[in-house]
Ligand SMILES: *Cc1c(COP(=O)(O)O)cnc(C)c1O
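In the numbering used here, the protein residues as written are -12 to 390.
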């Protein structure tokens, strides 16, 4: 196999070469109409993205972090409330919880799927909390705070196991907000409803990020909330725009958190390619899976559960000798990433939460071993084969050394 010289972890140049004309047309339209904030470009994108996610409404905002934060605020979550999520996610998930004024509670992930473990969630809700039948609210014993919401994170492009999570939410009167920032177009087979559902259509609301490296990425910052709740969508539209119902009529204090029109126009152009791009990612994932079989002595491959159709935002393997593995790939000109090296409960920022080492053993174990390989629709077969050859070479050397 020819050496493609180097294989970057991410390629954000090729897709924009392919779409150059469409993207310049969006800029020209914005310049010709001075439509920079709001207006038809934002509304058209919102309509199409809601449809793409099988939700009724979409509210464009300026980041995935604000999509989460505004959703908590719009749902009335704040001081005295607790929101349950996983420690194996990007910090934006928990920043949004704290910045809405609520407390953070963690439950561990499932070792096979890297997403929220519904059994651990049940244990937490049933054993660490009490149901107050006079208020109909669940209260965490340790803090005395009301548990208000669950945030499953559809990590790496694979949905969390939503049926049991939604069932627990219903039982305990909690809302569910999907963190779908890595899962544009991912699907989940609901055994309960006997149908496939899209990320963004399962909880009360879902947050998406359009950070440039995401499956649907802006050329700058962007995010959105999808929901089928009309009143929530209306509140979100006020919150992103200084609490206005119309210009200078402020129903509440909001934020400057809108999605730019040019970004919306670009996102709409890219949305028309997203199914095709996600399909390329799936094909690449299948190919990694087949070819890396030869390296299975050293490299553990990701598991796609039968109830999910992932969109492979990332292709994440586990390697026990991670340091040497990363150094070897680096010397071969192959870019890699670690998502994420330090679990949130062990970050300095969250020392005050008081979690000890060993609190979430699955998250802590995998954080030592995970490696994200190059994965993007424009990754060529030659590039992928080169990555695979190098990994197989590493594995054979590793096995020989161990003998
Ligand atoms: C990217 C990401 C976010 C935050 O999105 P931004 O647009 O960068 O604010 C939140 N959660 C997860 C899981 C993400 O990957």
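Even glycine gets a Cβ: it sits at the ideal position worked out from N, Cα and C.
Proximity of residue i and residue j at Cβ, strictly below 8 Å
i           : j           : result
residue 140 : residue 73  : yes
residue 170 : residue 127 : no
residue 161 : residue 136 : yes
residue 254 : residue 203 : yes
residue 164 : residue 58  : yes
residue 244 : residue 48  : yes
residue 316 : residue 362 : no
residue 65  : residue 38  : no
residue 374 : residue 173 : no
residue 250 : residue 220 : no
residue 195 : residue 167 : yes
residue 152 : residue 349 : no
residue 44  : residue 311 : no
residue 28  : residue 248 : yes
residue 321 : residue 281 : no
residue 105 : residue 148 : yes
residue 295 : residue 175 : yes
residue 351 : residue 344 : yes
residue 114 : residue 150 : no
Residue i (DSSP reduced to helix, strand or coil)
i           : result
residue 305 : strand
residue 231 : strand
residue 362 : coil
residue 321 : strand
residue 236 : strand
residue 287 : strand
residue 127 : strand
residue 296 : strand
residue 245 : strand
residue 262 : helix
residue 24  : strand
residue 53  : helix
DSSP beta-bridge partners of residue i
i           : result
residue 45  : 213
residue 185 : 174
residue 196 : 210
residue 72  : 93
residue 162 : 136
Expected contact under 8 Å - CB spacing of residue i and residue j to nearest Å
i           : j           : result
residue 207 : residue -1  : In fact, because the Cβ distance is near 12 Å, the residues do not count as touching under 8 Å.
residue 211 : residue 46  : 6 Å
residue 209 : residue 50  : 7 Å
residue 303 : residue 379 : Going by Cβ atoms, the distance from residue 303 to residue 379 rounds to 18 Å, so no, they are not a contact pair.
residue 83  : residue 52  : 6 Å
residue 353 : residue 307 : Actually they are not in contact, since the Cβ atoms of residue 353 and residue 307 sit about 11 Å apart, beyond 8 Å.
residue 186 : residue 146 : 5 Å
is_contact[residue i, chain D] using C-beta, thresh 8 Å
i           : result
residue 198 : Absent from the structure is chain D; it holds one protein chain and no more.
Any non-hydrogen atom of ligand 3 within 7 Å of residue i CB
i           : result
residue 305 : Because ligand 3 does not appear in the structure shown, any question about it cannot be addressed here, the ligands present being ligand 1.
- Task: Starting from the N-terminal end, write out each residue whose C-beta falls within a distance shorter than 6 Å of any non-hydrogen atom of ligand 1.
- Result: Counting only heavy atoms of ligand 1, the residues whose C-beta sits closer than 6 Å to one of them are, along the chain, 50, 51, 52, 76, 77, 79, 80, 140, 166, 168, 169, 196, 198, 210.
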